[in-house]
Amino acid sequence: MISLPPEARPAEPTSPSPTAAALTRRGFLKSAGAAAGLVIALQLPLMRKAYAGADVGEVPTGDFAPNAFIRIAPDNRVIFVIKHFEMGQGVTTGLATILAEELDADWSQIETEYAPANVKLYANTELGAQGTGGSTSMANSWMQMRRAGATGRAMLVAAAAQRWQVPAAKITVRSGVVHGPGGRHATFGELAEAAAQLPVPVDVTLKNPKDFVLVGKTSVRRLDSAAKSTGTETYTIDVKLPGLLTAVIAQPPAFGATLRHFDATAAKKVAGVTDVVEVAEGVAVVATGMWAALQGRRALKLDWNLDAAGPASSAALYDHYRALAAKGDGAPVQIDPQHKTAMASAASTLEASYEFPYLAHAAMEPMNCVAWLHDGMLETWGAHQFPTFDHANAAKAAGLTPDKVKLHTLMSGGSFGRRANNWSDFTVAAVNVAKAIGRPVPVRVQWTREDDMRAGLYRPLYVHQVKVGLDAKQRPAAWQHAVVGQSIMAPTAMAAALIKNGVDSTSVEGVWPTPYTLPAPEITLHSPSQAVRPLWWRSVGNTHTAYVMETMMDELAERAGADPVAFRLAHLQDQPRFAGVLKLAAEKAGWETPLPKGKARGIAVHYSFETYVAQVAEVSLTADGQPKVERVVVAVDCGTAINPDQIVAQMEGGVGFALAALFYGEIDIENGRPRQGNYNDYRVLRMNEMPRVEVHIMPSGEAPTGVGEPGVPPTAPAVANALARLTGQRIRRLPLSRTSFKTA
Amino acid sequence: MIEFKVNGETRKVDADPQTPLLWVLRDELGLTGTKYGCGIAQCGACTVHLEGRSLRSCSAPVAAVAGQNVTTIEGLGSKTAKAVQQAWIALDVVQCGYCQSGQVMSAVALLDQNPRPSDEDIDLAMSGNICRCATYQRIRAAIHAASDALSA
């Protein structure tokens, strides 16, 4: 969801890499007050000053200090503190796998909890803030968690060596038990207190990957499957606190609308309604339960000023953006001085214009947060995907210093980027309501599905205009590419770091840079701003750039009379991993084998978030002309595969998520209002539309990279390419529901 | 007062008769395994059983279930339910997990009525349950696995 360039990462004066050289200079701290157990903490480099305000020292309760990744209790429980946010992508299991591997803990003794807001201890070292996004979790944690686990193991071994008076070299650790000569053995819990008294080793030996017993094994299963299969997981909507109230907010009906006045007389008469308060977000109706709150909201009389509502409509935006693209005077992304000459001497051209609508994330759990102002402090319970943002924003809204604000981060019912935002919109809403009611009672702000879908923070609407000059042999000789759409980063605190010379790299990632060798490119970008706020949406810029690049490559291959795989390979230089997944997907899909009449294959490959994914889609048309995706073959190269079955799961889910947007995804704005509001008009994928997905993981010893997002980008172009083969129609405006198909 | 049975226990609630069963379960009875997703019977996250059949509790007024038996995810205990949940866990079906209570409830109702469902039967019975993480392939496999386990 968020990919920050190196300059936005933590200051590391002599090393550009946060995971390799930097780690050797990172000291290990042993936390004080750990007498009852072993606590290991990594000392991270100082974070960028901008985030320093969110730094808070958590006060330990009970036996253990929280500034740590590992706690071992005398009763032999091994508790891992998870610094990343779980939205279903499996990061809890992933980080635990690495820690348990190097610690040699037994999988059955693992417990996890989510880290408090503390950027010094729990920063995402690739983002320079505490937060989860950009498919960076495993990449930034890999060496950090390995060292944390190995340090814990070394201290347990040292404690056993001391107790048994034997050399450490004679001691082994297997599945949570420390073994010494003569059959002596001890559990981690039995050694915890002694280990806690020992000095923390400065240097520890990491396992040889060939000795891994958990990393790379499909036998490691998710830690949250049982709770989620039995309804016992606690999400924000499930939080129970004494006297907890529920609030729903009457939000502005259009972007930019403001409240003139409201009449709460009838709302206050609804049984169960306790308060009606005006907050920055609208008018909040607070009640003893959700139904009363909804009834109260329905009874409000609201007078909105719509004079400033906008943008007028998606249709107008497309017109405006097409005109901007045609002007060709956008900010330069990449300009080859030879471009104009190359284009002028082209024998022919291929021109195409592409349109992508606003998209809502539509996570299953509508946004919500519990806020409780009491005893001069604020506590929140919520899906805090970006604690650094949420902590600072919540403190500001409450008028408290950050040390008086405690975030409790919970499991989330999906996110796809929505829960990480610069404004912490739903968290701040809860704080504002808690403040407005003026009593020290906890209150949960709960958005309805419609509130959630109409609140903005969408994947922005984009237009691409591409013109490729071809030589006499139909080979690309010049590439002109204009991208138009809101900058996702411009309204955020990261703008300065991520926007260079008017170019937000997330608007063009996938067009430039690209693994392809583009002939004499001229790539430009317009970033108009709009009243509807933009946000990263699972795979960010790649949601549209991969579609344009991969359908255009396919069209160019067709024009040249070349095989789509061979054509792509011919436009690559020194891209072995990109080429590798392309060839693997083709091979596993039986690319060379003809399909029966009425079916066609399409292929696409894309590099995003340092991971390479190629997909082959097999597509047919139903009797009424609807595209049906029958099978998708995925090849993924994400370096070392930590949890292979979770990589498979993310690829399966990525395909399904992408298909929903391809088929139906569209927030259409009219009169400044989003037309769609629920799953009936913003359709998402259903069981009967899910293709068979087969995933092949490229064996690799490279450092691990992310898989939460990279499965998404290739799906839509692979399907579109298959549809083009099947019907002769090249789809340049999404979603597909705007097109009717006929077999060619 | 509206009286009905939840998970075998008689419950009396003093609620507006139009209150959707979902909010009575969650806010009055503290049974939060049943989830809110859309409020208009489009997503299935709120699925419970009414006399053994799937019901979207977000769109059923509590008055409509008076005198009847409601089962929520907390009250599952049948052989079918155990097989379904075991298959869910064995195959690591879940991702974010928010829809999965509803998925499990629909799957149990399906297998109770049709112990050997085909893929088409599964499509028909489960297409009312949205999973935004798109875990559908594993849901399908888990239903088949549970069916196999129950027939073994």
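First to last, the protein sequences are chains W and G. Residue 277 in the UniProt record's numbering sits at position 277 of the first sequence, with consecutive numbering throughout. Residue 4 in the UniProt record's numbering sits at position 4 of the second sequence, with consecutive numbering throughout. Beta carbons: idealized from backbone N, C-alpha and C, even for Gly. These numbers were taken from a predicted model, which means no experiment stands behind them.
>> What would DSSP say about Arg673 of chain W, mapped onto helix, strand or coil?
In response: Strand.
>> By DSSP's criteria, Lys35 of chain G is part of a beta bridge. Which residues make up the other side?
In response: As DSSP reads the structure, Lys35 of chain G sits in no beta bridge.
> Given a threshold of 16 other Cβ atoms within 10 Å of its Cβ, counted over all protein chains shown, does Gly654 of chain W qualify as buried or as exposed?
Replying inline: Around the C-beta of Gly654 of chain W, 16 or more other C-beta atoms lie within 10 Å, and the residue is accordingly described as buried.
> Cα-Cα, which of G:Gln113, G:Ser151 and G:Met105 is closest to Ala45 of chain G?
Replying inline: Residue G:Met105 is the option with its Cα nearest to Ala45 of chain G.
> Apart from the five residues on each side of it in sequence, which residues of its chain come closer than 8 Å, Cβ to Cβ, to Asp681 of chain W?
Replying inline: Hits under 8 Å: Arg675.
> At least one CB of chain W closer than 7 Å to the CB of Met126 of chain G: is that the case?
Replying inline: For Met126 of chain G, the closest Cβ of chain W is nearer than 7 Å.
> At a Cβ cut of 9 Å, what residues of the segment 411 to 439 of chain W count as close to chain G, listed as they run along the chain?
Replying inline: Sequence-ordered contacts of the segment 411 to 439 of chain W with chain G read Met411, Ser412, Gly413, Gly414, Ser415 and Phe416 [C-beta pairs closer than 9 Å].
> Are any of the Cβ atoms in chain G nearer than 7 Å to that of Asn688 of chain W?
Replying inline: Among the residues facing chain G, Asn688 of chain W is included, as its CB has a counterpart in that chain under 7 Å away.
> Since Pro117 of chain G is in the beta strand (DSSP E), which residue starts that stretch and which ends it?
Replying inline: No beta strand (DSSP E) contains Pro117 of chain G, which DSSP labels as neither H nor E.
> Which ranges would you report for the alpha helix (DSSP H) in the segment 405 to 485 of chain W if only whole runs of at least 4 residues count?
Replying inline: Correct list: 425 to 437 and 449 to 453.
> Can you name the residues that DSSP bridges to Leu55 of chain G?
Replying inline: In DSSP, Leu55 of chain G forms a bridge with G:Val48.
> Is there at least one Cβ from chain G nearer than 7 Å to residue 745 of chain W's Cβ?
Replying inline: Look at the range of chain W in this structure, 1 to 744, and you will see that residue 745 of chain W is not part of it.
> Along chain G, which residues have their Cβ under 7 Å away from the Cβ of Gly296 of chain W?
Replying inline: Per Cβ cutoff of 7 Å: no residues; Gly296 of chain W is ~12 Å from chain G at best.
>> In whole angstroms, give me the CA-to-CA distance for Thr739 of chain W and His408 of chain W.
In response: Approximately 46 Å between the Cα atoms of the pair.
> Can you find a C-beta in chain W that's less than 7 Å from the C-beta of Gly97 of chain G?
Replying inline: Yes, Gly97 of chain G counts as interfacial toward chain W.
> Does any C-beta atom of chain G lie closer than 7 Å to the C-beta of Phe657 of chain W?
Replying inline: Yes, Phe657 of chain W lies at the interface with chain G (some Cβ there is under 7 Å from its Cβ).
>> Spatial neighbours of Glu266 of chain W within its chain, please: C-beta separation below 6 Å, excluding the five flanking residues on both sides.
In response: At residue 266 of chain W the sequence reads Ala, which differs from the Glu that was named. Excluding positions up to five away in sequence, the list reads Ala299.
>> Along the chain, where does the alpha helix (DSSP H) containing Thr514 of chain W start, and where does it finish?
In response: That residue, Thr514 of chain W, is in no alpha helix (DSSP H); it is neither H nor E in DSSP.
> My guess is that Ala482 of chain W and Thr524 of chain W are in contact by the Cβ rule of under 8 Å, so how many angstroms apart are they, rounded?
Replying inline: That pair is a contact at about 5 Å.
> Would you report the Cα separation of Pro311 of chain W and Ala149 of chain G, rounded to the nearest angstrom?
Replying inline: Rounded to the nearest whole angstrom, the C-alpha separation of Pro311 of chain W and Ala149 of chain G is 56 Å.
> Taking a cut of 9 Å between CB atoms, which residues from the segment 271 to 297 of chain W lie near chain G?
Replying inline: Those residues of the segment 271 to 297 of chain W that come within reach of chain G (Cβ to Cβ, closer than 9 Å) are Ala271, Gly272, Thr288, Gly289, Met290, Trp291, Ala292, Leu294 and Gln295.
> Beta carbon of Phe426 of chain W, beta carbon of Ala363 of chain W: below 7 Å?
Replying inline: Contact: no.
> Where do the ends of the alpha helix (DSSP H) carrying Leu156 of chain W lie?
Replying inline: Where Leu156 of chain W is concerned, the enclosing alpha helix (DSSP H) stretches over Ser137 to Trp164.
>> Since Phe262 of chain W and Val283 of chain W should fall inside the 8 Å C-beta cutoff, what is the C-beta to C-beta distance between them, to a whole number of angstroms?
In response: The Cβ separation is near 5 Å, so the contact holds.
> Would you say Arg132 of chain G faces chain B, with C-beta separation under 7 Å as the test?
Replying inline: The structure shown contains no chain B; its protein chains are W and G.
>> By the three-class DSSP mapping on this structure, what secondary structure does His144 of chain G have?
In response: His144 of chain G falls in the helix class under three-state DSSP.
> Using a Cβ-Cβ distance under 7 Å, would Gly33 of chain G count as near chain W?
Replying inline: Closer than 7 Å to some Cβ of chain W, the Cβ of Gly33 of chain G qualifies, so yes.
>> If I follow the unbroken beta strand (DSSP E) through His179 of chain W, where does it start and stop?
In response: Where His179 of chain W is concerned, the enclosing beta strand (DSSP E) stretches over Val177 to His179.
>> Is there a Cβ of chain G sitting closer than 7 Å to that of Lys228 of chain W, yes or no?
In response: True, the Cβ-Cβ gap to chain G drops below 7 Å.
> In chain G, what lies closer than 8 Å to Arg444 of chain W by C-beta?
Replying inline: None at all; the shortest Cβ gap to chain G is about 11 Å.
>> Just to confirm, is the Cβ distance from Ala257 of chain W to Leu302 of chain W under 7 Å?
In response: Not a contact, by the Cβ cut-off of 7 Å.
> Taking the alpha-carbon positions, what's the Asp390 of chain W to Arg419 of chain W distance?
Replying inline: Answer to the nearest angstrom: the Cα atoms are 10 Å apart.
> Quick one: any contact between the segment 604 to 619 of chain W and the segment 572 to 581 of chain W, if contact means 3 or more CB pairs under 8 Å?
Replying inline: The segment 604 to 619 of chain W and the segment 572 to 581 of chain W touch, with no fewer than 3 CB-CB distances between them shorter than 8 Å.
>> Only counting the same chain, and skipping five residues up and downstream in sequence, which positions put a Cβ closer than 6 Å to that of Arg138 of chain G?
In response: The residues are Leu91 and Val93.
> What separation, rounded to the nearest whole angstrom, lies between the Cα atoms of Pro10 of chain W and Met155 of chain W?
Replying inline: Low per-residue confidence applies at Pro10 of chain W: pLDDT is 35, beneath 50, and the placement is therefore not dependable, though the value from the model is reported in the following sentence. If I take the Cα positions, the gap works out to 29 Å.
>> Against chain W, with Cβ distances strictly below 7 Å, would Ile143 of chain G count as a contact?
In response: No Cβ of chain W is located within less than 7 Å of the beta carbon of Ile143 of chain G.
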